[in-house]
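Undergrad: What the sequence shown shows, in the numbering used here, is residues 2 to 319, in sequence order.
Cβ coordinates follow ideal geometry from the N, Cα and C atoms, glycine included.
Computed from a predicted structure; not experimentally measured.
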Amino acid sequence: DDIEPIEVEIDDEPVPSPTIPAQRPEEEVYQELVAAAEHVFSAVGEGAAPAEGTIIAALRRVLEQLREGDVLLAETVRQRRASETWPERAANAAVLAVRLGMEVKYDERRCLALGLCALMHDLGMTQIPEEQLNSRKFTDEQRQMLHQHPVESQKMVTAFGPAFTWIGKIVVQVHERHDGSGYPRGLKGDQIHEMARILGLVDTYEAMAHPRADRQARVTYNALKEIIDLRNSLFERKLIKALIHIVSIFPLGSLVKLNNGEIGRVIGTSRLHPTRPTLEILIDPRGRQLADPRQINLEDEPMLYIVDPAIEEGVLKD
């Protein structure tokens, strides 16, 4: 059945907060968002509604930081710890969701709504035993439990109160897919709310680009390539195109090798010249890791170009 229109409810009144400098450190903004996500997950256990104003304030800071540039996005994509908690994963998804919302021309209200849904979309996963999630093979019973977690997420969100009902209607659809192969209801195409379609793509990319206890992260370039292969089946072409625009052909946070042997991390991209990003050079031509990395913009270096776009993180020493 077609879903009914979902009214997005975001308080129009700005939440009072300290004045934020134009160049607010991205790490501080990210940690505030993680704290907001932790508050959401804690609220489930406490049986009380989270303070929506606190969460929206954190998301507004994310939006402001992303308007200044994509440094926060790059830092989020490059998080490489396998020990990430559910709140950290939710925060990663929220940053990606807000940025993707900006890319598809959502206004501030809808970008904040996307971020709010991203922070709550996987609450139901907390009901699945960790050892089951780390298993490489699922029994039929375990797979059924996994496919029901969006329903559990909706129940948890709805239990927060009437003001959160609209969020529940979106999070239950995040794992539905464009071709009808998703779960829990097998919805397809326009039967899936657009915000849920965006969050489904964000959730998939976030999971591919970050390590989990049972597997290593895919190299960011390869994660994007896999998603491109899913266009028009699991995800809409227009949303994948928007994702490519924000993470680039050479995704933010990924490691690449130059023709002179240097290895650098992508820290900035160019819409005009997508094959010539800005890099932070980490390893010299002899393979030595630099104590003081330097930045170069390939748009200003005509003799340099990328020869390997998928360098593994293992080349770097801790």
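For Pro51 and Gly125, what's the separation of their Cα atoms in angstroms?
TA: Going from the Cα of Pro51 to the Cα of Gly125 covers about 16 Å.
Undergrad: Report the partner residues of Ile56 according to the DSSP bridge assignment.
TA: Answer is none; Ile56 lacks a bridge partner.
Undergrad: Which of the three DSSP states is assigned to Pro294 in this structure?
TA: Three-state DSSP puts Pro294 in a strand.
Undergrad: Would you mind listing the alpha helix (DSSP H) stretches within the region 149-231 that are 4+ residues and don't spill past its ends, in chain order?
TA: The qualifying runs are 150-160, 166-172, 195-210, 221-230.
Undergrad: Any chance the region 198-213 sits against the region 102-122, with 3 or more Cβ pairs inside 8 Å?
TA: Yes, the region 198-213 touches the region 102-122.
Undergrad: Quick test of the definition: if touching needs 3 or more C-beta pairs under 8 Å, does the region 245-253 touch the region 177-192?
TA: Because the criterion of three Cβ pairs below 8 Å is not met, the region 245-253 and the region 177-192 do not touch.
Undergrad: Enumerated in chain order, which unbroken segments of the alpha helix (DSSP H) with a length of 4 residues or greater are wholly contained in the region 63-126?
TA: Whole alpha helix (DSSP H) segments, 4+ residues: 72-78, 87-104, 109-121.
Undergrad: Just confirm the distance between the C-beta atoms of Thr276 and Ile250, as a whole number of angstroms; I'd bet it's less than 8 Å.
TA: About 6 Å; that satisfies the 8 Å criterion.
Undergrad: Starting from Val316, trace the beta strand (DSSP E) in both directions and tell me its first and last residue.
TA: It is not in any beta strand (DSSP E) - Val316 carries neither H nor E in the DSSP assignment.
Undergrad: Leaving aside the five residues before and after Asp230 along the sequence, list all residues of the same chain whose C-beta is less than 6 Å from its C-beta, in chain order.
TA: Closer than 6 Å at Cβ, skipping near neighbours: no residue.
Undergrad: Does the structure place the region 156-167 close enough to the region 175-189 that three or more beta carbon pairs sit under 8 Å?
TA: Result no; under three Cβ-Cβ pairs closer than 8 Å.
Undergrad: With distances taken between CB atoms, is the gap from Glu227 to Ala94 smaller than 9 Å?
TA: No.
Undergrad: Taking the straight line between their C-alpha atoms, what separation do you get for Gly48 and Phe161?
TA: Distance between the alpha carbons of Gly48 and Phe161: 8 Å.
Undergrad: What did DSSP end up calling Leu273 once you bin it into helix, strand or coil?
TA: Of the three classes helix, strand and coil, the one that applies to Leu273 here is coil, per DSSP.
Undergrad: Thinking just about the alpha-carbon of each residue, which of Leu67, Glu39, Val105, Met209 is nearest to the one in Arg238?
TA: Taking only the C-alpha atoms, the option nearest Arg238 is Val105.
Undergrad: Rounded to whole angstroms, what is the Cα-Cα separation between His148 and Pro185?
TA: The straight-line gap from Cα to Cα measures roughly 6 Å.
Undergrad: Would the beta-carbon of Trp87 fall within 9 Å of that of Ala164?
TA: In this structure, Ala164 does not lie closer than 9 Å to Trp87 by Cβ.
Undergrad: Near Asn260, which residues of its chain fall below 7 Å by C-beta distance, leaving aside the five closest residues on each side in sequence?
TA: The answer, listed in chain order, is Leu305, Tyr306, Val308.
Undergrad: Grouping DSSP H, G and I as helix and E and B as strand, with all else coil, what is Arg238?
TA: Note: Arg238 maps to helix in three-state DSSP.
Undergrad: By the DSSP assignment, the beta strand (DSSP E) with Leu259 in it spans what residues?
TA: Taken as a continuous stretch (DSSP letters only), the beta strand (DSSP E) holding Leu259 covers 256-259.
Undergrad: CB-CB under 8 Å to Glu28, same chain, minus the five flanking residues each way: which ones, in chain order?
TA: Closer than 8 Å at the Cβ level, and outside the excluded window around Glu28, lie Glu76.
Undergrad: How far does the alpha helix (DSSP H) with Leu283 in it extend, from its first residue to its last?
TA: Per DSSP, Leu283 belongs to no alpha helix (DSSP H); it is in the beta strand (DSSP E), 279-284.
Undergrad: Looking only at DSSP bridge pairs, what is Ile264 linked to?
TA: Bridge partners of Ile264: Lys258, Ile284.
Undergrad: Less than 8 Å between C-beta atoms, sequence neighbours within five positions excluded: which residues of the same chain meet that for Glu297?
TA: For clarity, residue 297 is Ile in the given sequence; the question names Glu instead. Closer than 8 Å at Cβ, skipping near neighbours: Gly265, Thr279, Leu280, Ile282, Leu305.
Undergrad: In three-state terms, what does DSSP make of Ile245?
TA: Residue state, collapsed to three classes: helix.
Undergrad: What separation, rounded to the nearest whole angstrom, lies between the Cα atoms of Leu317 and Gln290?
TA: So the two alpha carbons sit approximately 7 Å from each other.
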